[in-house]
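Working notes for the structure below.
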Amino acid sequence: MIENQYQMNKILTLLIICSIIFSCKKNNTPVSNNSSSKITQTQPSSFYDLKTNDIHDTLFSFDLLKGKKVLIVNTASKCGYTKQYAALQKLYDQYKDHNFIIIGFPSNNFGGQEPGSNLEIQQFCQENYGVTFPMMTKIDVKGSNKNLVYKWLTNRKLNGKADVEVNWNFNKFFIDENGEWIQYFPSNVTPFAPEIIKLIES
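In terms of the numbering used here, the sequence shown opens at residue 39 and continues consecutively.
Below, the structure is given as structure tokens:
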């Protein structure tokens, strides 16, 4: 009798242990879901999924750009093309009321031509060119630390259109009002180039 009771207690204990193990496995399931959510976040499927910090170190979400045509430019303060800041500001002033915006991304990837801090870059842009279009935090536009925005801009698997290598300061990317990657322009294509104006006005 005592032996039977002992066997029953042993079986009951095993059942409880099995139940606890099964419960733990179920509770672990959301962890993999969270992991896949993080992967989605690091590999945005849409332009409007992108996020970065602006030059004031405040989070900037690209969903704020819905309905706008966007010109994205990687900038530098000590480059032969730095004077394009003036033309970019003029372009922004001329078309900002027509659902058009320019986003500047300072970068020190080429020739060490953007050595300054965010504050120094901001002061330089305002004092020398009166820049009022949004400037983002200084980033890498190439290499292993490439910013997510530039990963999207330069990778066909992400942007759905083209693989591009940013090869110098003041390269430009045009995104339409639906968040579609439209065209890449090298540094020597000026802000008022006919092909850019045509895209803005179309």
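Glycine included, every Cβ here is placed at the ideal spot set by N, Cα and C.
Burial state of residue i, where buried means 16 or more other Cβ atoms lie within 10 Å
i      : result
Asn147 : buried
Glu152 : buried
Leu126 : buried
Gln164 : exposed
Met168 : Position check: residue 168 holds Gly in this sequence, whereas Met was assumed. Gly168 comes out exposed.
Asn197 : buried
Asn112 : buried
Ile54  : Confidence at Ile54 is low in this model, with a pLDDT of 49, below 50, so the placement of that residue should be treated as unreliable; the coordinate-derived value is given next. Classification for Ile54: exposed.
Gly149 : exposed
Beta-carbon gap between residue i and residue j smaller than 8 Å
i      : j      : result
Trp206 : Ser225 : yes
Pro144 : Lys180 : no
Leu186 : Leu88  : yes
Ile110 : Lys189 : no
Leu103 : Tyr86  : yes
Lys107 : Ile238 : yes
Ile234 : Met173 : no
Asn11  : Phe100 : Outside the shown range of the chain, which is 39 to 240, sits residue 11, and nothing can be said about it.
Asn137 : Glu215 : yes
Thr192 : Asp201 : yes
Phe223 : Gln122 : no
Phe230 : Gln221 : no
Lys195 : Trp219 : no
Residue-chain proximity (residue i, chain D), Cβ-Cβ < 8 Å
i      : result
Pro172 : No chain D is present in this structure, which holds just one protein chain.
Beta-carbon proximity list for residue i, same chain, < 8 Å, skipping 5 on both sides
i      : result
Lys236 : none
Ile139 : Leu103, Lys106, Lys107, Val108, Leu109, Tyr130, Phe171, Pro172
Ser84  : Gly217
Asn166 : Tyr123
Asp95  : Asn156, Thr175
Asp135 : none
Cβ shell of residue i (< 7 Å), same chain only, five flanking positions each side left out
i      : result
Gly154 : Ser115, Phe162
Tyr119 : Asn207, Phe208, Ser225
Thr228 : Gln122, Ala125
Which residues DSSP lists as bridging residue i, in chain order
i      : result
Leu109 : Ile140, Phe212
Tyr123 : Per DSSP, none; premise fails for Tyr123.
Gln221 : Phe212
Asp101 : Partner(s): none; Asp101 has no beta bridge.
Asn91  : Leu97
Lys184 : Asp178
Ser115 : Per DSSP, none; premise fails for Ser115.
Ser84  : Looking at the DSSP assignment, Ser84 forms no beta bridge with any residue, so it has no partner.
Spatial neighbours of residue i in its chain, beta-carbon cut-off 6 Å, leaving aside the 5 residues before and after
i      : result
Gln160 : Ile93
Tyr133 : Ile238
Cys117 : Gln151, Asn207
Hey, which unbroken runs of the alpha helix (DSSP H) at 4 residues or more fall wholly within the region 149-176?
156-167
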